[in-house]
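*Asks:* Below is one structure. I have some questions about it.
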Amino acid sequence: MLEVNKYSMQGEETGKIALPASLFAAEAKNPSALLYEVINMYLRNQRQGNANVQTRSEAQGSGKKLFRQKGTGNARPGNLRTPVRVGGGRAFGPKTKDWYRPIPKKKKRLALKLALTERAKANQVIVVESLDFEKPNTKIAKELLQKITPARSKKLILIDNSDSKVIKSFSNLPYVNMDRADATFAYEVLKCNCLVITEKALKKMEEVFTK
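Written out as structure tokens, the structure is:
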């Protein structure tokens, strides 16, 4: 079982804490392939697919023939909305598409555990006893991170609930992202190189992701 340093909110080391093996000692037959698949599906699902053009039936304009069919020497006219005329509809253009594909729950959870395991093996997991702010205070938040994390590292802070005082304290700091412990996912864990978790958040993750 892996042990990591535990810090107080003042940035003082208070001892060691054991990380639950169910989350931070995950194994898979081919972990790289699984992480690639899950993260690739996640990024694909971020596509909006909102490119859209008007077809002939959607373009504005009269449906009346511009001039008579025969006797003018010109091609048959059609109306203003044909794709061959300026301002007409687009033939075979892109339409709104839903790119979303569901990610299997078992794969998603295993990928998260593998990502957490990678961070633990690289000694990039830090546990803080608590983050209790009387009011939003960016100065205290910055001083804490300067004491317990490497400078200019990409940090992910996991908390047990949506505490607005904590969120506002860290939201203006560079290289810092935040999320609830029960909503984290593999991609954001792998994007950071310093994972900061509160004790309550660690218990919440064990409760949610080891069912």
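Counting in my numbering, the sequence shown runs without a single skipped number right up to 207 at its last residue. All C-beta atoms, glycine included, are put in the ideal place defined by N, C-alpha and C.
Residue range of the beta strand (DSSP E) that CYS3 falls in?
*Replies:* Cys is not the amino acid found at residue 3; the sequence shown has Tyr there. Note, TYR3: beta strand (DSSP E), -1 to 3.
*Asks:* Under 8 Å: do the stretch 63 to 74 and the stretch 33 to 49 share three or more Cβ pairs, one atom per stretch?
*Replies:* As far as the Cβ criterion goes, the stretch 63 to 74 does not touch the stretch 33 to 49, which means the pair count is below three.
*Asks:* Along the chain, which unbroken stretches of the beta strand (DSSP E) at least 3 residues long are found entirely within the stretch 109 to 159?
*Replies:* You should have 121 to 124, 151 to 155.
*Asks:* Kindly indicate which residue of ARG176, THR194, LYS151, THR10 has the alpha-carbon position closest to the one of SER158.
*Replies:* Nearest of ARG176, THR194, LYS151, THR10 to SER158, Cα basis: ARG176.
*Asks:* For LYS104, which residues from the same chain have a beta carbon less than 8 Å from its beta carbon, with the 5 sequence-adjacent residues on both sides left out?
*Replies:* Closer than 8 Å at the Cβ level, and outside the excluded window around LYS104, lie VAL34, PHE181, ALA182.
*Asks:* In angstroms with no decimal places, state the Cα-to-Cα distance between THR68 and ALA47.
*Replies:* Roughly 39 Å between the two C-alpha positions.
*Asks:* Where does the unbroken alpha helix (DSSP H) through ILE35 begin, and where does it stop?
*Replies:* ILE35 -> alpha helix (DSSP H) spans 27 to 40.
*Asks:* Taking the alpha-carbon positions, what's the LYS207 to ASN133 distance?
*Replies:* Near 36 Å, if we compare the C-alpha coordinates of ASN133 and LYS207.
*Asks:* Name the DSSP bridge partner or partners of GLU9?
*Replies:* According to DSSP, GLU9 bridges with TYR3.
*Asks:* Please classify TYR3 as buried or exposed, where buried requires at least 16 other C-beta atoms within 10 Å of its C-beta.
*Replies:* Burial call: buried.
*Asks:* Suppose contacts are defined by Cβ-Cβ distances below 9 Å. Is ALA22 in contact with LYS109 by that definition?
*Replies:* In contact: ALA22 and LYS109 (Cβ atoms closer than 9 Å).
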